[in-house]
Amino acid sequence: MGTDENLKLLPLDDMHRAAGARFGGFAGWSMPITYPLGVMKEHLHTREKAGLFDISHMKLFDVSGSGAGDLLSHACPLGAGSLQHGQSKYTFFLNEQAGILDDLIVTRLGEEHFIVVANAGNAAGDEAHLRNLAKNFDCKIDALDHAFLAIQGPQAADVVRDAGIAGTELAFMNGFAPKPGWFMSRSGYTGEDGFEIGLPSGEARELATRLLADERVAWIGLAARDSLRLEAGLCLHGQDINPDIDPVDAGLAWAISKPVREKAVFIGARALLDKIAAGPGRKRVGLKPDGRQPVRSDSVLVDVDGNSIGLVTSGGFGPSAGHPVAMGYVGKHFAAVGTLIFAEVRGNRIQMHIHPLPFTPHRYHKG
Amino acid sequence: MAVTYFTEDHEWVRVEDGIATVGITDHAQDQLGDLVFVQLPDVGQSLSKGDAAVVVESVKAASDVYAPLDGEVTEVNDATASDPALVNSSATGDGWLWKMKLSDTDQLAGLLDEAGYKAIIG
Chain B
1 MGTDENLKLL
11 PLDDMHRAAG
21 ARFGGFAGWS
31 MPITYPLGVM
41 KEHLHTREKA
51 GLFDISHMKL
61 FDVSGSGAGD
71 LLSHACPLGA
81 GSLQHGQSKY
91 TFFLNEQAGI
101 LDDLIVTRLG
111 EEHFIVVANA
121 GNAAGDEAHL
131 RNLAKNFDCK
141 IDALDHAFLA
151 IQGPQAADVV
161 RDAGIAGTEL
171 AFMNGFAPKP
181 GWFMSRSGYT
191 GEDGFEIGLP
201 SGEARELATR
211 LLADERVAWI
221 GLAARDSLRL
231 EAGLCLHGQD
241 INPDIDPVDA
251 GLAWAISKPV
261 REKAVFIGAR
271 ALLDKIAAGP
281 GRKRVGLKPD
291 GRQPVRSDSV
301 LVDVDGNSIG
311 LVTSGGFGPS
321 AGHPVAMGYV
331 GKHFAAVGTL
341 IFAEVRGNRI
351 QMHIHPLPFT
361 PHRYHKG
Chain U
1 MAVTYFTEDH
11 EWVRVEDGIA
21 TVGITDHAQD
31 QLGDLVFVQL
41 PDVGQSLSKG
51 DAAVVVESVK
61 AASDVYAPLD
71 GEVTEVNDAT
81 ASDPALVNSS
91 ATGDGWLWKM
101 KLSDTDQLAG
111 LLDEAGYKAI
121 IG
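Protein chains in written order, with full-length UniProt numbering: chain B, 1 to 367; chain U, 1 to 122.
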């Protein structure tokens, strides 16, 4: 595995090989899927201590210039100019139908300076989209070729502090540039407190080595990253959200503030406002199988009479929850917590109930 | 005396007095990763070689375990259903999956010996 010559290698690929990782392809990258600890222990380690993730497959765009804020407020349903310096915000690129092209984190580093973090699978499309829109704004876009590391877990802040790295004074969803070429934010995608650090590849090796020297820290692979984010009820673009799903159905309209809706200068505004007025047609929900059998993505959901009512978009086992976990979409009349539904799995009907999201409580450092 | 055979699908088959005990190899459990669900066949169920007899699910994916031979299920290891991690910790011992009475012991000639299996997994 991981020898496919068409896959891109992470800057720290050799470190992962030395750590005994198993590799698999994801979004065009050869990614460490598990380490010798195994997905279950990697997941639990992150919830108990601190997990180190190589997320260099994700893309950082540096957007600067007098028109940078206006560009991002047009490209995303975001009031970029209203962000505090250092404030991060979860947002999207939408199409004209308000379908989600990608979900993003935008951080305002300075008056005219923003960092956009995008998903690996959409990086090329995002860059073309952003550059095309930027023609009408006075700004500069740099697609950074950085390494990107995430440290996540209840002991992440102590580890970072003990490693002598500045930034632990940040509250969740805030970021800054600790040194030239670095970007650090208190954020992550596991439901835990933690940090994401983008930096030149040459410096990433030293940082990773320093963090791993702390016995509280272990490398965590993509398999556990997926089970962690699923337990945390966080969407994976390409599975739980995609260009045919809008933020209203996805239950993500909270990310679009009232002033942004009123100004309505973003792409997809008309469709989104119509959708908000009409209400969701389907809803993204948590799903808990009653038994031990996991229900995977693309399983069809049916009601007690066998009528198709939706689809599972992510599913697996939740090591912290201690039971199978899933999420998906159901017709709005089936979305109430506790509703009995069924998933069709290899010819059998698996009984499950609508469950609140997240499955494990978020433990962000709100400051 | 019991003789142990292997399949290209990463199962081991221990045969004694016409009864085969079947499990997955240590290599297979290592590749699958942490198991979270095991669905066993019914005692009395007739299996033909190649039938999906057991489903094992890891955190990430579901896999079938195929019947290596024709026969009838005589016993299943319920301990693996209540504690799937047993298959990871003892794939070739306490983590056995089912026993079956063979209907055609001539089929054993089509299985691999340990050296043959080791050659496959390299």
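Using N, Cα and C, we set each Cβ at its ideal position, and we do this for glycine too.
Where residue i sits in the DSSP three-state scheme
| i | result |
| --- | --- |
| residue 135 of chain U | The structure shown does not extend to residue 135 of chain U, since chain U is modelled only from 1 through 122, so no value can be given for it. |
| residue 90 of chain U | coil |
| residue 358 of chain B | coil |
| residue 259 of chain B | helix |
| residue 115 of chain U | helix |
| residue 113 of chain B | strand |
| residue 122 of chain B | helix |
| residue 391 of chain B | No information on residue 391 of chain B is available, as it lies outside the stretch 1 to 367 that chain B covers here. |
| residue 1 of chain B | The predicted model places residue 1 of chain B with a pLDDT of 44, which falls under 50 and marks its position as unreliable; any figure quoted below should be read in that light. Here residue 1 of chain B sits in coil by DSSP. |
| residue 276 of chain B | helix |
| residue 88 of chain B | strand |
| residue 16 of chain B | helix |
| residue 49 of chain B | coil |
| residue 212 of chain B | helix |
| residue 202 of chain B | helix |
| residue 98 of chain U | strand |
| residue 45 of chain U | coil |
| residue 132 of chain B | helix |
| residue 82 of chain B | helix |
| residue 270 of chain B | helix |
| residue 218 of chain B | strand |
| residue 127 of chain B | helix |
Distance between beta carbons of residue j and residue i, contact taken as under 8 Å
| i | j | result |
| --- | --- | --- |
| residue 108 of chain B | residue 85 of chain B | 6 Å |
| residue 82 of chain B | residue 259 of chain B | 7 Å |
| residue 19 of chain U | residue 65 of chain U | With a Cβ gap of about 18 Å, residue 19 of chain U and residue 65 of chain U do not count as contacting. |
| residue 240 of chain B | residue 327 of chain B | 6 Å |
| residue 147 of chain B | residue 190 of chain B | Their Cβ separation, rounded to whole angstroms, is 19 Å, which puts residue 147 of chain B and residue 190 of chain B out of contact at 8 Å. |
| residue 84 of chain U | residue 13 of chain U | Not a contact, Cβ separation roughly 21 Å. |
| residue 309 of chain B | residue 334 of chain B | 5 Å |
| residue 59 of chain B | residue 19 of chain B | Not quite, the Cβ-Cβ distance comes to about 24 Å (not below 8 Å), so this is no contact. |
Buried or exposed (CB count within 10 angstroms, at least 16 for buried), residue i
| i | result |
| --- | --- |
| residue 307 of chain B | exposed |
| residue 15 of chain U | buried |
| residue 184 of chain B | buried |
| residue 371 of chain B | What is shown of chain B runs 1 to 367, which leaves residue 371 of chain B out entirely. |
| residue 284 of chain B | buried |
| residue 1 of chain U | exposed |
| residue 29 of chain B | buried |
| residue 14 of chain B | exposed |
| residue 120 of chain U | exposed |
| residue 340 of chain B | exposed |
| residue 105 of chain U | exposed |
| residue 186 of chain B | buried |
| residue 209 of chain B | exposed |
| residue 152 of chain B | buried |
| residue 88 of chain U | buried |
| residue 49 of chain B | buried |
| residue 155 of chain B | buried |
Neighbour flag for residue i against chain B, beta carbons, 8 Å
| i | result |
| --- | --- |
| residue 65 of chain U | no |
| residue 50 of chain U | no |
| residue 71 of chain U | no |
| residue 45 of chain U | no |
| residue 83 of chain U | no |
| residue 62 of chain U | yes |
| residue 87 of chain U | no |
| residue 59 of chain U | yes |
| residue 78 of chain U | no |
| residue 29 of chain U | no |
| residue 33 of chain U | yes |
8 Å Cβ cutoff, residue i in contact with chain U
| i | result |
| --- | --- |
| residue 20 of chain B | no |
| residue 213 of chain B | no |
| residue 294 of chain B | yes |
| residue 227 of chain B | yes |
| residue 166 of chain B | no |
| residue 355 of chain B | no |
| residue 114 of chain B | no |
| residue 306 of chain B | no |
| residue 223 of chain B | yes |
| residue 342 of chain B | no |
| residue 38 of chain B | yes |
| residue 316 of chain B | yes |
C-beta neighbour in chain A for residue i, strict 8 Å
| i | result |
| --- | --- |
| residue 300 of chain B | No chain A is part of this structure, whose protein chains are labelled B and U. |
Given 8 Å as the limit, is there contact between the segment 91 to 102 of chain B and the segment 111 to 122 of chain B, that is, 3 or more CB pairs closer than that? yes
Determine, using beta-carbon pairs with one atom in the segment 206 to 223 of chain B and one in the segment 61 to 68 of chain B, whether at least three such pairs fall under 8 Å. no
Inter-stretch contact at 8 Å, needing at least 3 Cβ pairs: the segment 66 to 83 of chain U / the segment 52 to 60 of chain B: no
Given 8 Å as the limit, is there contact between the segment 196 to 213 of chain B and the segment 132 to 150 of chain B, that is, 3 or more CB pairs closer than that? Segment contact: the segment 196 to 213 of chain B against the segment 132 to 150 of chain B, three or more CB-CB distances shorter than 8 Å; contact assigned.
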